[in-house]
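Residue numbers for the sequence shown follow my numbering, beginning at 70 and rising by one.
Built from N, CA and C at the ideal position, the CB exists for glycine as well.
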Amino acid sequence: MKNTEMILRSKSLSKRFGGLTAVDDVSFEVTRLGVTSIIGPNGAGKSTLFNLLSGTFMADSGLVELDDQNITRMSPEGRLSCGMARSFQITNLFFDLSVIDNLRIASQALEPRSNLFLPLSKSTIAMDRANELLEEFGLLECRNQIVGALSHGQQRRLEIAVTLATRPKLLLLDEPTQGMSQGDTQDTAELIKRLGSKITVLLIEHDVDLVMDLSKTVIVMAQGKKLAEGIPSDVRANPLVQTAYFGEELA
Ligand SMILES: Nc1ncnc2c1ncn2[C@@H]1O[C@H](COP(=O)(O)OP(=O)(O)OP(=O)(O)O)[C@@H](O)[C@H]1O
Ligand SMILES: [Mg+2]
Numbered sequence: 070m071k072n073t074e075m076i077l078r079s080k081s082l083s084k085r086f087g088g089l090t091a092v093d094d095v096s097f098e099v100t101r102l103g104v105t106s107i108i109g110p111n112g113a114g115k116s117t118l119f120n121l122l123s124g125t126f127m128a129d130s131g132l133v134e135l136d137d138q139n140i141t142r143m144s145p146e147g148r149l150s151c152g153m154a155r156s157f158q159i160t161n162l163f164f165d166l167s168v169i170d171n172l173r174i175a176s177q178a179l180e181p182r183s184n185l186f187l188p189l190s191k192s193t194i195a196m197d198r199a200n201e202l203l204e205e206f207g208l209l210e211c212r213n214q215i216v217g218a219l220s221h222g223q224q225r226r227l228e229i230a231v232t233l234a235t236r237p238k239l240l241l242l243d244e245p246t247q248g249m250s251q252g253d254t255q256d257t258a259e260l261i262k263r264l265g266s267k268i269t270v271l272l273i274e275h276d277v278d279l280v281m282d283l284s285k286t287v288i289v290m291a292q293g294k295k296l297a298e299g300i301p302s303d304v305r306a307n308p309l310v311q312t313a314y315f316g317e318e319l320a
């Protein structure tokens, strides 16, 4: 029977780079809808874990399951067509292209296979989706601007829009507020919260207060391992987490 509550499962995932175990026997489950967050100090293995979940890297051992389907060896494209999308910590926008063209390219996968080689201007499904995203993300006024000319906050917002182009059911966001002003961070937090009412969001985030406010569940990583997991207030109060991650910050 299909498990309707659980959308994603990581079972004993591990990844080594030479002598370093970047992700070390990490298991967790993500329940449907809302925001589940992963926090941890620099180098804890958060982005590597995302790479294993999204198929950018193959795990050395362990399993990834999406809606009870084993996707451990599936390509990133395969995972995308199963409804899992991700953003990268370092941007993957086309800086020399316009906002609308970035959205159209990202939406192209919605076209039926027979239309995949159509010129962008003839891809009406992609165009409709791109226009929808422009409006949803408040980017209408910069529709034809070159992405490189946008503010940092607008670029990061566009990045989230791009990841949503294919209407995923699970979205992995790697530090979407990195380098943002406080105002932009707050706006993005609101946006992520709204997204969580429609789809499942798995978020890597450095801003602890933001995470605690947004998330239904928080997973803490340190040195490749899962250190703790639970509702925000429990994680915040966990002495192991206080020592390993928050240090004096919350004392
Ligand atoms: N492609 C790679 N080759 C070799 N080592 C890597 C590679 N990617 C990551 N690492 C190492 O794996 C460890 C975990 O890195 P990772 O980027 O997953 O951490 P992170 O928790 O995302 O850190 P940050 O908060 O700085 O983004 C680090 O020691 C890093 O140097
Ligand atoms: Mg990272």
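Within the same chain, S156, R225, E228, I229, T257, I261, L272, E274 come within 8 Å of P245 by CB-CB distance, once the 5 residues on both sides are set aside.
Taking R101 as the centre and dropping the five residues before and after it, the same chain places the C-beta of T73, E74, M75, I76, T269 closer than 8 Å to its C-beta, in chain order. Distance between D94 and K294, taken at the CA atoms: about 7 Å.
By the beta-carbon neighbour count (other beta carbons within 10 angstroms, threshold 16), E298 is buried. Ranked by Cα distance from E134, the first of L122, S144, P145 is L122. The region 102-112 makes contact with the region 272-291, as at least three CB pairs between them are under 8 Å. Pairing T90 with K84, the inter-Cα distance amounts to about 6 Å. Distances from the CB of L89 to the heavy atoms of ligand 1 include at least one below 7 Å. Per DSSP, G88 is not a residue of any beta strand (DSSP E), being assigned neither H nor E. Classified as exposed, K267 has fewer than 16 neighbouring CB atoms from the shown chains inside 10 Å of its CB. Here the alpha carbon of L279 sits roughly 8 Å from the alpha carbon of Q255. Contact between M153 and L239 holds, with the beta-carbon distance rounding to 5 Å and staying under 8 Å.
Rounded to the nearest whole angstrom, the CA to CA distance from K80 to V231 is 29 Å. Distances from the CB of K238 to the heavy atoms of ligand 2 are all 7 Å or more. Collapsing the DSSP output to three states places L296 in a strand. Unbroken beta strand (DSSP E) runs of no fewer than 3 residues, entirely contained in the region 193-251, are found at 239-243, following chain order. Per DSSP, reduced to three states, the secondary structure at F157 is coil, with no helix or strand assignment.
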